[in-house]
């Protein structure tokens with residue numbers, strides 16, 4: 021689902037533009053509606069706690085974007101989420117569901133940490149670059165397993181990535197228990213298992229100081245890398261052959277194949293790109309924040325990235341804003357804790373409601389849109405258009421070619 | 133390593149078998165009805181936090197004592213798991229959201245919801261006080277008097293271990309002999325045909341998904357109250373995904389699921405008890421923990437014989453699933 025830009029421009033020229041516009045408006049409305057629903061349901065909860073919803077919501081805003089420090093924290097939270105959501109979106113465009121970002125970023129952290137500990141002899145800028153590349157290669161390697169298995173054996177990527185996530189957790193645990201375990205126990209304190217602290221050369225610079233943001237926010241130039249990457253991904257998907265093939269495979273594998281696109285090669289390519297993006301997810305944590313690799317079991321950055329990708333409707337630019345919105349909510353927790361009687365866990369519930377309503381309203385909007393376009397093409401008597409309709413209706417992602425050709429999931433509620 | 137260690141490892145494996153098997157049965161009902169459910173982990177989490185609360189509430193606050201308190205606590209966990217699975221059911225069946233998307237959201241929301249509930253129940257977000265009430269332990273008659281330390285495998289088990297193992301009979305009978313079960317399966321195999329026979333597909337699918345929530349919720353409640361003694365964030369340890377792995381390997385068959393649930397339960401138990409056993413001591417414990425996942429990948433990729441789900445199991449997803 022949510023493969024937003026399914027438009028491999030259908031041949032019927034004139035209708036395309038209005039279709040696109042209609043889809044864009046439809047998506048925007050769905051997004052808006054889901055936010056209203058989430059805020060409304062949230063308000064009910066807030067009233068249940070005996071507080072005024074408007075005050076609570078403004079406390080959240082005030083605590084997050086109401087100060088320079090707050091904005092710094094928000095952007096810092098958003099940085100890894102942008103990478104994570106992009107990784108999900110890239111595969112989505114190709115009709116695949118990479119729920120293995122979680123595992124891929126774990127492996128990326130392990131390989132990056134290895135590089136950060138072993139390649140100390142490199143001069144500073146090269147060293148950082150090498151570490152980032154190592155992280156991306158780690159993520160790529162892990163994603164490649166799922167991609168190759170899918171293409172060569174037909175193993176569904178959802179199942180393999182779930183299993184690879186499980187393996188990656190143990191792999192990280194093993195890495196910090198054995199090969200990368202700290203040699204010098206930090207003096208005087210009883211610490212968890214982790215690697216040695218990386219050399220200062222490889223710590224990515226704190227840019228917060230230039231904007232008056234507290235160093236505690238760990239705002240780094242990785243934020244700009246993330247935003248730049250989002251634009252790059254947008255360009256890749258919209259303006260290059262790779263992107264065109266990806267969207268063709270995602271929206272209609274059958275016609276892509278007929279058009280001479282190698283489905284397998286495209287799928288593996290997308291998984292590699294996705295894995296490289298996933299490999300960047302952990303860099304904020306180990307290079308800007310902690311400066312070492314520790315046990316990071318329940319961060320869920322990979323899964324949260326899926327939520328952010330939905331919220332940004334798999335549009336790279338939309339993802340930037342979605343990640344910032346997520347950051348605002350997450351940072352708002354602190355303000356809730358201090359200023360109101362509402363427990364901070366309320367934020368997580370609000371995020372959950374938001375993502376659920378986004379998923380559902382978007383699905384409804386998509387069906388409505390498809391029905392309208394079917395009606396219109398029917399009225400025009402243009403039966404040729406029905407293929408384009410099928411493509412749009414079935415741009416649901418994560419299906420195999422043959423399955424995607426089925427017009428509807430029959431047997432649903434009549 | 134002694135024989136006793138091995139016996140204790142087997143005893144632990146029975147406990148993990150129970151968790152994996154109950155959750156796997158949940159997945160079985162949902163997926164046999166045609167709804168892919170990768171939200172089992174999330175359903176377990178909700179079952180764990182509510183089950184831990186229920187056990188305390190019924191036992192201590194309402195002073196019901198043994199065995200009704202812990203028993204009702206478990207049922208409460210199952211009930212809440214069922215409610216939460218309702219979200220998955222509404223999203224996938226009524227609103228036709230992609231099953232995988234909804235499952236991911238379920239897992240994600242569960243973590244937050246569990247913290248929220250935990251704060252409300254226990255006044256702290258990530259755990260409850262240890263040492264909660266649980267059912268008295270059970271020694272299996274006859275087997276628990278085996279000589280040579282082997283008795284340890286059958287001592288001190290939760291009664292639910294026996295219940296879970298016996299569950300295979302009603303589940304198998306329901307799915308293979310009762311009209312309800314056959315209809316449920318037909319919804320997963322060929323919804324169009326089922327519908328043409330006048331079966332209300334969405335109704336059966338709702339029941340399948342809600343049952344999956346009840347089983348996974350009970351499993352989570354069992355983990356929190358009976359095994360650990362309190363709710364703690366992260367205590368489900370991806371067992372929901374291991375259950376999914378066992379389910380896939382079993383070809384969605386409740387009898388074969390028993391075997392894989394026990395096998396993976398044993399794999400979980402090895403690093404806890406058998407680290408110094410021959411062969412095993414050559415491997416770091418983290419590698420042992422990878423076994424269930426590796427086995428599943430190898431199987432699903434078709435590297436070992438014909439272990440890919442047969443045509444019928446593949447069709448179980450036809451009604452809008454994407455596996």
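Chains as they are written, first to last, in my numbering: chain L, 21 to 434; chain S, 133 to 455. Positions of the beta carbon are idealized from the N, C-alpha and C atoms, including for glycine.
Residue i versus residue j - alpha carbon distance
i	j	result
residue 200 of chain S	residue 348 of chain L	45 Å
residue 183 of chain L	residue 419 of chain S	14 Å
residue 403 of chain L	residue 396 of chain L	Its pLDDT being 45, under 50, residue 403 of chain L is placed unreliably in this model, and the coordinates cannot settle the point.
residue 411 of chain L	residue 107 of chain L	Because the pLDDT of residue 411 of chain L is 41, which lies under 50, any placement of that residue in the model is unreliable, and the question is left without a value.
residue 340 of chain L	residue 370 of chain L	20 Å
residue 224 of chain L	residue 357 of chain L	31 Å
residue 273 of chain S	residue 293 of chain S	14 Å
residue 431 of chain S	residue 171 of chain S	22 Å
residue 256 of chain L	residue 337 of chain L	13 Å
residue 263 of chain S	residue 177 of chain S	19 Å
residue 141 of chain L	residue 221 of chain L	10 Å
residue 221 of chain S	residue 168 of chain S	10 Å
residue 117 of chain L	residue 226 of chain L	34 Å
residue 98 of chain L	residue 92 of chain L	10 Å
residue 384 of chain S	residue 397 of chain S	18 Å
residue 58 of chain L	residue 360 of chain L	19 Å
residue 320 of chain L	residue 122 of chain L	7 Å
residue 190 of chain S	residue 153 of chain S	26 Å
residue 39 of chain L	residue 61 of chain L	32 Å
residue 137 of chain S	residue 240 of chain L	51 Å
residue 434 of chain S	residue 87 of chain L	56 Å
residue 410 of chain S	residue 358 of chain S	31 Å
residue 67 of chain L	residue 254 of chain L	41 Å
residue 408 of chain L	residue 208 of chain S	For residue 408 of chain L, the pLDDT reaches just 42, beneath the cut-off of 50, and the residue's location in the model is therefore unreliable, although a value from the coordinates is still provided. The straight-line gap from Cα to Cα measures roughly 49 Å.
residue 264 of chain L	residue 258 of chain L	7 Å
residue 140 of chain S	residue 178 of chain L	35 Å
residue 259 of chain S	residue 364 of chain S	4 Å
Nearest neighbour of residue i, chosen from the options [CA to CA]
i	options	result
residue 239 of chain S	S:146, S:412, S:366, S:265	S:366
residue 345 of chain S	S:290, S:218, S:322	S:218
residue 351 of chain S	S:405, S:335, S:205	S:205
residue 242 of chain S	S:214, S:261, S:434, S:388	S:214
residue 315 of chain L	L:192, L:322, L:374	L:192
residue 460 of chain S	S:255, S:175, S:295	No information on residue 460 of chain S is available, as it lies outside the stretch 133 to 455 that chain S covers here.
residue 310 of chain L	L:238, L:380, L:377, L:287	L:238
residue 349 of chain S	S:187, S:211, S:143	S:211
residue 83 of chain L	L:264, L:350, L:181	L:350
residue 101 of chain L	L:80, L:65, L:299, L:278	L:299
residue 299 of chain S	S:142, S:164, S:347, S:193	S:347
residue 286 of chain L	L:392, L:164, L:131, L:345	L:164
residue 281 of chain S	S:429, S:426, S:143	S:143
residue 197 of chain L	S:427, S:195, S:417	S:417
Enclosing alpha helix (DSSP H) for residue i [first to last residue]
i	result
residue 278 of chain L	273-278
residue 223 of chain L	Note, residue 223 of chain L: premise wrong, no alpha helix (DSSP H); not H, not E.
residue 266 of chain S	No alpha helix (DSSP H) holds residue 266 of chain S; DSSP gives it neither H nor E.
residue 153 of chain S	135-164
residue 220 of chain S	200-221
residue 362 of chain L	Counting along the chain, residue 362 of chain L falls outside any alpha helix (DSSP H), and DSSP gives it neither H nor E.
residue 187 of chain S	172-188
residue 427 of chain S	417-432
residue 357 of chain S	Element bounds for residue 357 of chain S: n/a, residue is neither H nor E.
* Starting from the N-terminal side, write out each stretch of the alpha helix (DSSP H) that is 4 residues or longer and does not extend beyond the stretch 112-191 of chain L. => Within the stretch 112-191 of chain L, the runs of alpha helix (DSSP H) at least 4 residues long that lie entirely inside it are, in chain order, 121-138, 144-173.
* **Sufficient close CB pairs (3 or more, under 8 Å) joining the stretch 371-384 of chain S to the stretch 156-167 of chain S** => With a cut-off of 8 Å, the stretch 156-167 of chain S and the stretch 371-384 of chain S count as touching, because enough Cβ pairs lie within range.
* To do: Evaluate the contact criterion for the stretch 102-120 of chain L versus the stretch 238-255 of chain L: three or more CB pairs, one atom per stretch, below 8 Å.
  => In this structure the stretch 102-120 of chain L lies against the stretch 238-255 of chain L, because at least three pairs of beta carbons, one per stretch, are closer than 8 Å.
* Would you call the stretch 263-283 of chain L and the stretch 127-146 of chain L in contact, with 3 or more CB pairs under 8 Å? -> Output reads no: the stretch 127-146 of chain L does not touch the stretch 263-283 of chain L.
* To do: For the stretch 377-385 of chain L and the stretch 357-366 of chain L, state whether three or more C-beta atom pairs, one from each stretch, are separated by less than 8 Å.
  => Put simply, the stretch 377-385 of chain L does not touch the stretch 357-366 of chain L. Fewer than three CB pairs are less than 8 Å apart.
* To do: Go through the stretch 365-398 of chain L residue by residue and report every complete run of the alpha helix (DSSP H) that reaches 4 residues or more, in order.
  => Entirely contained in the stretch 365-398 of chain L, not one alpha helix (DSSP H) run reaches 4 residues.
* To do: Specify whether the stretch 222-235 of chain S and the stretch 246-257 of chain S touch according to this definition: at least 3 beta carbon pairs, one from each stretch, less than 8 Å apart.
  => The stretch 222-235 of chain S vs the stretch 246-257 of chain S: no contact.
* Given 8 Å as the limit, is there contact between the stretch 158-172 of chain L and the stretch 273-291 of chain L, that is, 3 or more CB pairs closer than that? -> Using a C-beta cut-off of 8 Å, the stretch 158-172 of chain L makes contact with the stretch 273-291 of chain L, since at least three inter-stretch Cβ pairs fall below that distance.
* Between the stretch 226-234 of chain L and the stretch 317-331 of chain L, do three or more beta carbon pairs fall short of 8 Å? -> Taking 8 Å as the limit for Cβ pairs, the verdict is that the stretch 317-331 of chain L does not touch the stretch 226-234 of chain L.
* **Cβ contact check for the stretch 389-403 of chain S and the stretch 144-158 of chain S: 3 or more pairs under 8 Å** => In this structure the stretch 389-403 of chain S lies against the stretch 144-158 of chain S, because at least three pairs of beta carbons, one per stretch, are closer than 8 Å.
* the stretch 308-325 of chain S in contact with the stretch 180-189 of chain S per 3-pair CB rule at 8 Å -> Short answer: they don't touch.
* Asked: So, do the stretch 294-305 of chain L and the stretch 149-168 of chain L have three or more beta carbon pairs nearer to each other than 8 Å?
  -> The stretch 294-305 of chain L vs the stretch 149-168 of chain L: in contact.
* **Three CB pairs or more closer than 8 Å across the stretch 185-203 of chain L and the stretch 407-423 of chain S** => Contact between the stretch 185-203 of chain L and the stretch 407-423 of chain S is present, because at least three Cβ pairs lie under 8 Å.
* In the stretch 360-415 of chain S, which residue ranges form an unbroken alpha helix (DSSP H) of at least 4 residues, counting only runs that do not cross its ends? -> If we require 4 residues or more, the alpha helix (DSSP H) runs fully inside the stretch 360-415 of chain S come out as 371-381, 386-405.
* **4 or more residues per run - each alpha helix (DSSP H) lying fully within the stretch 255-333 of chain S** => Counting only runs of 4 or more, we get 291-298, 300-309, 311-321, 323-328.
* Asked: Where in the stretch 239-323 of chain L do unbroken runs of the alpha helix (DSSP H), each at least 4 residues long, occur, reported from the N-terminal end onward?
  -> Entirely contained in the stretch 239-323 of chain L, the alpha helix (DSSP H) runs reaching 4 residues are, in chain order, 242-259, 261-271, 273-278, 283-299.
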